[in-house]
Amino acid sequence: MHFGIDFGTTRTVIAASDRGNYPVVPSEDRHGDSHDYIPSVIAISGEELVCGWDAMELRGTPGFTRSFKRALSGQQVTSATPVRLGTTTRTVGEILEAFAQYVVSHLRRFQKDLADTSPIEVVLGVPAHSHHAQRLLTMAAFSRTGITVQGLINEPSAAAFEYTHRHARTLNSKRKSILVYDLGGGTFDASLVAIDGVGHTIVNTVGRPRLGGDDLDVILADLALASLGHSFDAFSATARMRLVDEARSAKEAIVPQSRRIVIAVGDDDVTIPVKDFYAAATPLIDETLTAIEPLIGSDSLRDTNIAGIYLVGGTTSLPLISQTLRKKFGRRVHRSPLPSASTAVGLAIAADPDSDYALHDTLSRSIGVFREWDAGSEVSLDPLITPSTPRTATRIYRAAHNVGWFRYGEIGDDFSLIAEIGVPFTAELSHLSEDDLRTIPVTRVTEGPLVHEEVTVDDDGIVSIAIDVDELGIHLRR
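Here the sequence shown is numbered in full-length UniProt numbering, starting from 1 and rising by one per residue.
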C-alpha cells in the first residue's frame, strides 16, 4: 500500500493512495477520538520516549517537547546531536526513529482495518530548503521501521501535485504556472512551478527554514503577558510552554469574523484585540512577501503567466495570511480547502504507481567545498554544484600538498557542513587514520598523485562524495 507522509513541525499528516483517490489517514488519540493528523510531539515517560497522542497525555510535564523537528534545521546536526527533554537528553537519531515507529504503527493499523497485507511504501515530504543532513536523517529514521521509502519530495512541489489534481481547469495556454506558498508550523517555503499537462517543473524555490506558525504563537503569548505587565522570561520553561500552547489554540480558533482573542494566563483570562495581534504579526507575514518577490518578478500577477498563488500549510488557515496576499495580488490567491493536508495528498499522488504526474525538481541550495591553499595558509570556497548545473561534479587533478582537507557543505542563506574529509597524498602517510592526519603539518609536494573527486546529488537531495587516489590505493566514500 502506498502513502504520502508530511512530517511537519507541529503536525504530521498522512494520505493514502487508493485507486485514484487520496484520503487522509485518520489517527485516534488515547480517548478513541479520531483526528486527521498526528501531533509532532515527544515526551519522556520514566526512561521511555513516547510520541504523538501518547505524548499529548504528558502535556505540562518537563519532558514534553513540541516542534522537536526544528532541531533538524541546525547547520551541524547529526544523528548524535543531543536534544534536551526536561532534565534529560536524547539524540536526534533516537527521537526521529521513535517518532517514525509511532507514525508507521498508525499506517499498519490503517492497513489492517482494510485487510491489506501488501508491503508499505511511502514518499516523505521535506522542506524545500532542508539540507543534506535533514534529508538523510529523515529518510534513515523511516527506513529503519521496515517500510520502503520510495523517495523524498520538497513539500511545495508535492502541494503542486495536489493543486493540479484539484484545480486543473485554472491552467491554460496563457497561465501555465503556479506559485505554492507553504507556511507551516516551523518553516516557510515557496516554489514557482511550471505545469504542462501532468509534467511539473520547479522553476525556482525560496524559503525561510526557521519561520513559521510557532513564531506567531510566541507573538500572541508575548501580547498576553504584556497586557498583564509580565515578561516571558519571568516564567519557568514549563509555564512558558503551557502559555504558548494556549496561544496556539487561540490562534487556530481565529476566523474572519473574530474580533477578540481570549487566552488563559495562569488563573487570569486575557483578552487581546485581533487587530493588535495582526499588527504584531504583520512584519512576519511581510517577510514571506519579500521572500517570494524573486519568483514573481513584479508587484502584481497581472503581466505574469502565474495562474495563482496557492496557500498551503496549516498556518495559512489564519485569516491574516489570505487577507494580506489578496490585498497585494488580488483574486488569483487561492487557499487550499485542506491547507494542512495538501502536501500529504500531493505526496500520496507521487507515491501512486498508477499516477501519471511527473516532477522535475531543482536544487534549492548549492554544494561547495572549502580547500586549503599555500600550505594551509589560505582557504577558498569552490562551488561544485548549483541549481543551474548538472547534479554531478567531477574533478581530476594532481595533488599539490602532502595532505588534503576537504570540507564539503551546502550553501544557501548559511553554510551547512556535509562532511570533512582528510586525504593523504604521499605513500608515507597513506596508512594514517584521519585523526592521525590532523597532527601532520600541510606542506607542498612537487609531483603529487592524480586525484579523482566526484560529488553527486541524487533525486532526494542527498549528497554522496567519492575521492579516489589510485596510485596510493585510497578510495574514500561519504
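For each residue, glycine too, the CB sits at the ideal point set by N, CA and C.
One alpha carbon belongs to N204, the other to S342, and they sit about 20 Å apart.
Taking the Cα positions, S416 is about 42 Å away from H31. DSSP, reduced to helix, strand and coil, places D245 within a helical segment of the structure shown.
Counting only runs of 3+ residues, the beta strand (DSSP E) found wholly inside the region 286-340 occupies 306-312, 333-335, in chain order. In terms of Cα proximity to D29, the closest of P23, Y22, F277, I38 is I38. Counting the other CB atoms within 10 Å of its CB gives N402 a total of 16 or more, which places it among the buried residues. T343: member of the alpha helix (DSSP H) spanning 342-351, first to last residue. Y397 carries a strand assignment under DSSP once its states are collapsed to helix, strand and coil. Secondary structure in the region 189-230: the beta strand (DSSP E) runs of 3 residues or longer, each lying completely within the stretch, are 199-208 in chain order. If you look at H106, you'll find it isn't in any beta strand (DSSP E); it sits in the alpha helix (DSSP H) that goes 92-113. Residue environment for A168: exposed (fewer than 16 other C-beta atoms within 10 angstroms of its C-beta).
Contact between F188 and A291 holds: CB atoms are separated by about 7 Å, below the 8 Å threshold. Between the region 387-394 and the region 449-469 there are three or more inter-stretch CB-CB distances shorter than 8 Å, so the stretches are counted as touching.
Per the C-alpha coordinates, the member of A419, E287, L183, T386 positioned closest to T9 is L183. Across the set S191, C51, G229, H132, the C-alpha of H132 shows the shortest separation from the C-alpha of V77. Using a Cβ-Cβ distance cut-off of 8 Å, the region 301-308 and the region 170-185 are in contact, since at least three pairs of beta carbons, one from each stretch, lie closer than that value.
Counting C-beta atoms within 10 angstroms of its own C-beta, G297 has fewer than 16 neighbours from the protein chains shown and is therefore classed as exposed. Within the DSSP bridge table, the entry for V50 names A43 as partners. Under the three-state reduction of DSSP, P390 is assigned to coil, being neither helix nor strand. When DSSP reads this structure, L152 sits in a beta bridge with L124.
In the three-state reduction of the DSSP assignment, R166 falls in the helix class. Of the residues assessed, P283 falls on the exposed side of the cut-off, its CB having fewer than 16 other CB atoms within 10 angstroms.
A71 and D215 have their alpha carbons spaced roughly 15 Å apart.
Beta-bridge pairing by DSSP links L417 to G409. DSSP places T439 outside any alpha helix (DSSP H), giving it a letter other than H or E.
If you look at F3, you'll find it in the beta strand (DSSP E) that goes 2-7. Comparing C-alpha distances from T88 to each of G199, T117, H475, S45 shows the shortest one belongs to S45.
Residue pairing by DSSP puts R84 in a beta bridge opposite T89. The count of Cβ pairs closer than 8 Å, one atom from the region 228-242 and one from the region 58-69, reaches three, so the stretches are in contact. DSSP places H132 in the uninterrupted alpha helix (DSSP H) bounded by 132-143. Non-local beta-carbon contacts of A43 in its own chain, meaning distances under 6 Å to residues more than five positions away in sequence, involve V50, A55, L58, G63, F64 in chain order. Contact annotation: V92 and I5 have beta-carbon atoms that are not nearer than 7 Å. For V126 against N172, the beta-carbon gap comes to about 31 Å, at or over 8 Å, which does not count as contact.
Annotation: the continuous beta strand (DSSP E) that includes A264 extends over 260-265.
Rounded to the nearest angstrom, the Cβ distance from R175 to A307 is 4 Å, consistent with a contact under 8 Å.
Under the three-pair Cβ rule at 8 Å, the region 267-287 counts as touching the region 312-325.
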